[in-house]
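These notes concern the structure reproduced below.
Numbering (the working numbering), first residue to last: 718 to 889.
So, in structure tokens, the structure goes:
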């Protein structure tokens, strides 16, 4: 990973009330974890008024591309890196009770990133149980429905990754 892996576009104001922020990250990129922390500290923690004017979009970058035969993403740290990215993408489609609530879920995943990397990299015979428990905990912390996030990933997780790949390959 490079420090440029997390790319936030220049904030674009679409109208008086909204600032669009587009972030491209890798789910198991330590630099992306650090950048998400800085974004959280300097922007998201400035109160609900700040959160309300932001229209944030998070995409997962697939550094190593897309396998058109298996129709799966090729993530730098392997299949679990891609699976974590699916959860990050799915959270943006989950039912929310406040704007950008999914961001809190993603920050929680980034905070758990070192332990997830330690457990899942390199990929051996691990199963999803540890990642599932982290997803459930982060969903609870963010007041999101973990079952809904799991369902979104099951139904369209690979498509969410592919759509992000299609949007973001121009940045690679």
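C-beta atoms are modelled at their ideal positions from N, C-alpha and C, and glycine is treated no differently. As the structure is a computational prediction, the values presented were derived from the model and not from experiment.
Considering only residues of the same chain and omitting the five flanking positions on each side of residue i, which have a CB-CB separation below 7 Å?
{"i": "residue 730", "result": "Unreliable positioning characterises residue 730 in this predicted model, as indicated by a pLDDT of 46, which lies under 50. The coordinate reading is nonetheless provided below. Around residue 730: 736."}
{"i": "residue 806", "result": "777, 877, 878, 881"}
{"i": "residue 793", "result": "718, 743, 780, 781"}
{"i": "residue 812", "result": "862, 865"}
Identify, in the order they occur along the chain, each residue of the same chain with its Cβ nearer than 6 Å to the Cβ of residue i, setting aside the five sequence neighbours on each side.
{"i": "residue 810", "result": "869"}
Return the bridge partner residues of residue i from the DSSP annotation.
{"i": "residue 809", "result": "Note: residue 809 sits in no beta bridge, so no partner."}
{"i": "residue 852", "result": "Partner(s): none; residue 852 has no beta bridge."}
{"i": "residue 742", "result": "777"}
Measuring alpha carbon to alpha carbon, tell me which residue in the options is nearest residue i.
{"i": "residue 744", "options": "760, 825, 762, 768", "result": "825"}
{"i": "residue 860", "options": "742, 823, 797", "result": "823"}
{"i": "residue 875", "options": "887, 838, 797", "result": "797"}
{"i": "residue 804", "options": "815, 840, 856, 761", "result": "856"}
{"i": "residue 764", "options": "872, 871, 843, 816", "result": "816"}
{"i": "residue 750", "options": "843, 854, 821", "result": "821"}
{"i": "residue 854", "options": "789, 747, 867", "result": "867"}
In chain order, what are the residue ranges of uninterrupted beta strand (DSSP E) at least 3 long that sit wholly in the region 768 to 801? DSSP runs (the beta strand (DSSP E)) wholly in the region 768 to 801: 771 to 777.
Is the region 764 to 776 touching the region 843 to 858, taking contact as three or more C-beta pairs under 8 Å? no
Contact between the region 827 to 837 and the region 777 to 788 (3+ Cβ pairs under 8 Å): no
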